[in-house]
Amino acid sequence: MSDNILKLIPTTPHYKPGATAIQKACDLLSSYFSEAGEISYSLTEEVCFIDQGENWERVLCPACGIELDTAWWQQAMDTAYQTGFTDLSVNLPCCGVVSSLNDLRYELPAGFARFVLEIRNPDGDIGDDELRSLEQILGCGLRKIWAHY
Ligand SMILES: [Zn+2]
């Protein structure tokens, strides 16, 4: 038994939408995915890593495009975790560019957030226009994460 979950997170990790906006966004999502499984959201005090499950392939440097060593990434995650993910900054080992763990090129996409909207086993993708409507309601840009477990 496996699940595909479409996760939508704010492009800014610390962003927290208001309760009314969240309710409106969930209602709108329900209208997009009427036949699909459950729609839910989570809101946490601290920033969390929002993973893509088995859809993890690799992570690339956003500046020079080189594939980053998983051990380096794990170490950077441990360091950031000790700050409660309030400090996501990293010094890239390949080209020395200062970036953020949230801005690395995850393949497939992943990210950091306090707020996540989830659609479990959706019957299709969400369209660009639909995504923009949600962004307007929530007052933030959204990143799509397709997770498989
Ligand atoms: Zn690089």
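Residue numbers (this note's numbering): 81 to 229. Just so it is clear, CB atoms sit at the ideal spot from N, CA and C, and this is done for glycine as well.
Taking C-beta atoms under 8 Å as the contact rule, phenylalanine 192 and isoleucine 102 fail to qualify, at a distance of about 18 Å. Per DSSP, the beta bridge partners of lysine 224 are Leu88. Judged by pairs of C-beta atoms under 8 Å, the region 157-164 does not touch the region 199-215, as fewer than three such pairs exist.
For ligand 1, no non-hydrogen atom lies closer than 7 Å to the CB of leucine 188. In this structure, Cys128 is the residue among Cys128, Ala151, Ile85 with its C-alpha nearest to the C-alpha of arginine 194.
Counted as a single uninterrupted DSSP element, the stretch harbouring alanine 143 is not any alpha helix (DSSP H), since DSSP gives it neither H nor E.
Counted as a single uninterrupted DSSP element, the alpha helix (DSSP H) harbouring serine 110 occupies residues 99-112.
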